[in-house]
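Residue numbers (the numbering used here), protein chains in the order written: chain B, 20 to 242; chain F, 20 to 242. Ideal placement from N, C-alpha and C gives every residue a C-beta, glycine not left out.
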């Protein structure tokens, strides 16, 4: 297997990220490429969830993944090995988020002609990534059971900007004080329109629902 | 009980944070106040660990806590109710870290004459807080078992700047693929001098070792 491509992302100089993000969204629309931005805390299971999701949809849509990380490339290698799809690593050089221009730099490393859906695995962090529009069509995040149901109270912006909240690691619900109903309430407080899908990325439980959401969004966006 | 004091932290204007942090460290040394900076991902158990630790040491040293959060005050209230010590909330207004000047603003809200040890619970995030010296005497972090043993590979700076890594939620080790030996190896790679203490904040397991480390460090610093 070819080694994974690694792109060193440079700090962007655009003053108006929101405008640049709108521009990127328009460019991607014209090229027929749907960009999905995935955010979460470190260790919530982003990569495992992606592998399950991609293997469930890769026969229906052409998927590529951009893995943002401070300086390792373990995630892009894992994704490529487990799914065989286009997967590149973006090194942020210590930066804690990606903005639209940084995302554009990453997209330059993919063959977009062969791609319908690009999933961006953002830097693991509930604060900074929420503040910067990447130019994505949709934002989703993963909250894992061990983190606790109170996270929408503590990281309001992250939950406000996400269209989908995936609740991962539901297999360990019996061992943690995690109140699913309260969690749904807190999410609703931040974003009444957000969908919530509980999953267990390890066993694959709930991945069909997640795959359904992604394919449905993609279909709606096309038409 | 009095309501918890909330301090709105302003963005600091100091260009040279390292120099300002050294200055703050010197000021605190002169006042006999030891500052411990606690970092982690969201949901790793910082607040529960602090409550256990404080209840174990508050008869020996006068402890105060500063809880940094984007905009809630749930943590400071929890700490105050569970331990009775001085506890204030710092609102960072969306900022993802504290630097030395922001820490100084927080310290201004405490009665330092009545305090030997201030614990700063930094914003939950493995990226940005590691980049800014707060002026603390020591940095410690909590890594929880559900986050996975590979975090020192992905967040190198955080593990390099910490003198102590507490591994929390060891009660759920049977339900996660977490290799404790590998984790210790990875931590050593980043910082050979870092101590590692496994704990379960929920049951109190390992808290004596943690309390011992804190009291020992405080004693060494005084002499």
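Could you list which residues in chain B have their beta carbon closer than 9 Å to that of residue i, in chain order?
| i | result |
| --- | --- |
| residue 19/F | The requested residue 19/F does not occur in the structure, where chain F is confined to residues 20 to 242. |
| residue 205/F | Ordered by position in chain B, no residue passes the 9 Å Cβ test against residue 205/F, which lies about 11 Å from the chain. |
Please tell me whether residue i and residue j are closer than 8 Å, where the distance is taken between their beta carbons.
| i | j | result |
| --- | --- | --- |
| residue 95/B | residue 23/B | yes |
| residue 292/B | residue 217/B | There is simply no residue 292/B to check, as chain B begins at 20 and stops at 242 in what is shown. |
| residue 230/F | residue 182/F | no |
| residue 123/F | residue 54/F | no |
| residue 138/F | residue 82/F | yes |
| residue 80/F | residue 98/F | no |
| residue 191/F | residue 146/B | no |
| residue 70/F | residue 111/F | no |
| residue 72/B | residue 65/B | no |
| residue 184/F | residue 178/F | yes |
Please report the residue range of the alpha helix (DSSP H) in which residue i lies.
| i | result |
| --- | --- |
| residue 75/B | 65 to 76 |
| residue 180/B | 175 to 180 |
| residue 239/B | 226 to 241 |
| residue 205/F | 199 to 209 |
| residue 94/F | 93 to 102 |
| residue 37/B | 36 to 50 |
| residue 133/F | From DSSP, residue 133/F is part of no alpha helix (DSSP H); its letter is neither H nor E. |
| residue 148/F | 147 to 150 |
Chain F partners of residue i, CB-CB under 8 Å?
| i | result |
| --- | --- |
| residue 4/B | Outside the displayed span of chain B (20 to 242) sits residue 4/B, for which this structure offers no information. |
What is the residue span of the beta strand (DSSP E) that residue i lies within?
| i | result |
| --- | --- |
| residue 162/F | 157 to 163 |
| residue 24/F | 24 to 27 |
| residue 119/B | Segment 119 to 126 is the alpha helix (DSSP H) holding residue 119/B; no beta strand (DSSP E) there. |
| residue 217/F | 214 to 217 |
| residue 166/F | No beta strand (DSSP E) holds residue 166/F; DSSP gives it neither H nor E. |
| residue 83/F | 82 to 88 |
| residue 54/B | 53 to 59 |
| residue 109/B | 105 to 110 |
| residue 183/B | 183 to 187 |
Roughly how far, in whole angstroms, is the beta-carbon of residue i from the beta-carbon of residue j, given that I think they are within contact range, below 8 Å?
| i | j | result |
| --- | --- | --- |
| residue 52/F | residue 131/F | 5 Å |
| residue 169/F | residue 25/B | 18 Å between Cβ atoms; not a contact. |
| residue 165/F | residue 62/B | 6 Å |
| residue 89/F | residue 173/B | 7 Å |
| residue 149/B | residue 176/B | 4 Å |
| residue 119/F | residue 40/F | 4 Å |
Residues of chain B with CB under 8 Å from residue i, in chain order?
| i | result |
| --- | --- |
| residue 142/F | 146 |
| residue 113/F | 146, 150, 176 |
If you measure from the CB of residue i, is any heavy atom of the ligand MG nearer than 7 Å?
| i | result |
| --- | --- |
| residue 172/F | With respect to the ligand MG, the structure shown offers nothing to examine, as it has no ligands at all. |
Which residues in chain F have a C-beta closer than 7 Å to the C-beta of residue i? List them in chain order.
| i | result |
| --- | --- |
| residue 166/B | 61, 62 |
| residue 247/B | Chain B is shown from 20 up to 242; residue 247/B falls before or after that span and cannot be answered. |
Does the contact criterion of 3 or more C-beta pairs under 8 Å hold for the region 139 to 156 of chain F versus the region 186 to 197 of chain F? Touching, no, given that fewer than three Cβ pairs across the two stretches are closer than 8 Å.
Is the region 234 to 241 of chain B in contact with the region 200 to 209 of chain B, if contact means three or more CB pairs nearer than 8 Å? As far as the Cβ criterion goes, the region 234 to 241 of chain B does not touch the region 200 to 209 of chain B, which means the pair count is below three.
Count the C-beta pairs between the region 96 to 106 of chain B and the region 155 to 165 of chain B that are closer than 8 Å, then say yes if the count reaches three, no if not. Here the region 96 to 106 of chain B makes no contact with the region 155 to 165 of chain B; the two share fewer than three CB pairs at distances below 8 Å.
Taking Cβ-Cβ distances below 7 Å as the criterion, which residues of the region 188 to 221 of chain B are in contact with chain A? As a matter of chain content, chain A is missing from the structure shown, whose protein chains are B and F.
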